[in-house]
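Structure first, then comments.
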């Protein structure tokens, strides 16, 4: 089988890279199509890049694996939605995680919280199939490192970039953070949103002068989350990616806190909240386990395997022929053709 990995933005790399490994392990062929030239620099010389629509059509993929909202409908092969994040209820259903744009044949969902709703949509629309596989991006987190009381605790500090929601923009939090770095026997890993204000970034980067602080400007993958025992954050979407390891998360002034979060409203409570989280209290861990069961119940690190199993079955059994035709979406499809400068309508339907 020929697989095509489709990348719109760099956040797609840690989602599709483990899938590439699984594809090659099975003896299939894999190629990449990246929208931006800069992104191509991230690939190795032995990774096949297709630079034009004509090259993609000649390659004739059986399946196109996508970690973004849209994909050129005129690419050959089934279109598989992998998702670029968890559903975090930041947007309305019509504009967010559950919006059906009419491009995909197969949705590989992460857990019951998304599967159940997508199954309802599958029944309603009948032009795509939904299979729960888990999320390939988080395979690297498993198996989870056991909590060892003898090691120096590590706190992962993360922040969103929206100023009114961002823990990194709070000067009192920064002062308290410096105090904790200097006084407590804790290691810190700091990662800010890629769109964070440059002055804020500079201020946090300077914390690397302390031996117990590591600043990570861009998460190439989720491995650093594996090294941390607890997370301190705000409303960042990285929360779910961390907590599915069944590790505590402390949020600061989260506007929609879950029961399984330790939500702090006062800077003076940060230290005792971290100390509390590091004990992995039983009641909190039960709440976390319930949350994880709904969001991403797979802790075997084999979601990539399940995705490729599902795609192989879909293609080999020609399941696309069992689906209804997709909606025309003429305006959206014309916009995509214009974006790629491809107007050969004989190669595919409008």
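Numbering (full-length UniProt numbering), first residue to last: 1 to 350. Heads up, the beta-carbon is just placed ideally off N, CA and C, and yes, glycines get one too.
Check, Outcome
"Residue nearest to residue 234 in terms of C-alpha spacing, selected from 227, 249 and 214", "249"
"Separation of residue 173 from residue 56, as counted between CA atoms", "50 Å"
"Nearest neighbour of residue 188, chosen from 15, 210 and 99 [CA to CA]", "210"
"Residues bridged to residue 113 [DSSP beta-bridge criterion]", "Paired residue(s): none; residue 113 is not in a bridge."
"Whole-Å CB distance - residue 251 paired with residue 264, under 8 Å assumed", "7 Å"
"Backbone CA spacing between residue 117 and residue 342 [nearest angstrom]", "35 Å"
"For residue 196, three-class secondary structure by DSSP", "coil"
"Reference residue 37, options 25, 20 and 9, closest by Cα", "9"
"Cβ shell of residue 122 (< 7 Å), same chain only, five flanking positions each side left out", "128, 129 and 130"
"Sufficient close CB pairs (3 or more, under 8 Å) joining the segment 241–248 to the segment 132–141", "yes"
"Closest Cα partner of residue 184 within the set 229, 204, 271 and 255", "271"
"Whole-angstrom distance between residue 288 and residue 17, CA atom to CA atom", "28 Å"
"Three or more C-beta pairs below 8 Å linking the segment 189–207 and the segment 162–171", "yes"
"DSSP-derived helix/strand/coil call for residue 132", "strand"
"Expected contact under 8 Å - CB spacing of residue 50 and residue 63 to nearest Å", "Wrong, their Cβ atoms sit about 14 Å apart, outside the cutoff."
"Check whether residue 261 and residue 53 have beta carbons under 8 Å apart", "no"
"Paired residues, beta bridge with residue 79 - DSSP", "64"
"Rounded straight-line distance, which links the Cα of residue 59 to that of residue 337", "19 Å"
"Host beta strand (DSSP E) of residue 156 (start-end)", "154–159"
"C-beta atoms of residue 296 and residue 134 nearer than 8 Å", "yes"
"CA-to-CA distance, residue 14 to residue 177, given in whole angstroms", "29 Å"
"DSSP-derived helix/strand/coil call for residue 1", "coil"
"Local conformation of residue 238 per DSSP, three classes", "helix"
"Coil, strand or helix - residue 174 by DSSP", "helix"
"Coarse secondary structure for residue 233, derived from DSSP in three states", "strand"
"8 Å contact criterion, which residue 277 and residue 230 should meet: CB distance rounded", "4 Å"
"Nonlocal neighbours in the same chain, by C-beta distance under 7 Å from residue 315, ignoring five residues either side", "1, 62, 63 and 78"
"Residue span of the alpha helix (DSSP H) that contains residue 310, given as start and end", "303–316"
"Nearest-angstrom Cα separation, counted from residue 344 out to residue 294", "44 Å"
"Option nearest residue 106 by Cα separation, candidates 82, 99 and 112", "82"
"Rounded C-alpha distance that separates residue 246 from residue 285", "7 Å"
"Residues near residue 6 in its chain [Cβ-Cβ closer than 7 Å; skip 5 each side]", "33, 64, 65, 66 and 71"
"Check whether residue 102 and residue 325 have beta carbons under 8 Å apart", "no"
"Closest Cα partner of residue 44 within the set 35, 20, 28 and 25", "20"
"DSSP-derived helix/strand/coil call for residue 141", "helix"
"Helix, strand or coil at residue 282 [DSSP, three-state]", "helix"
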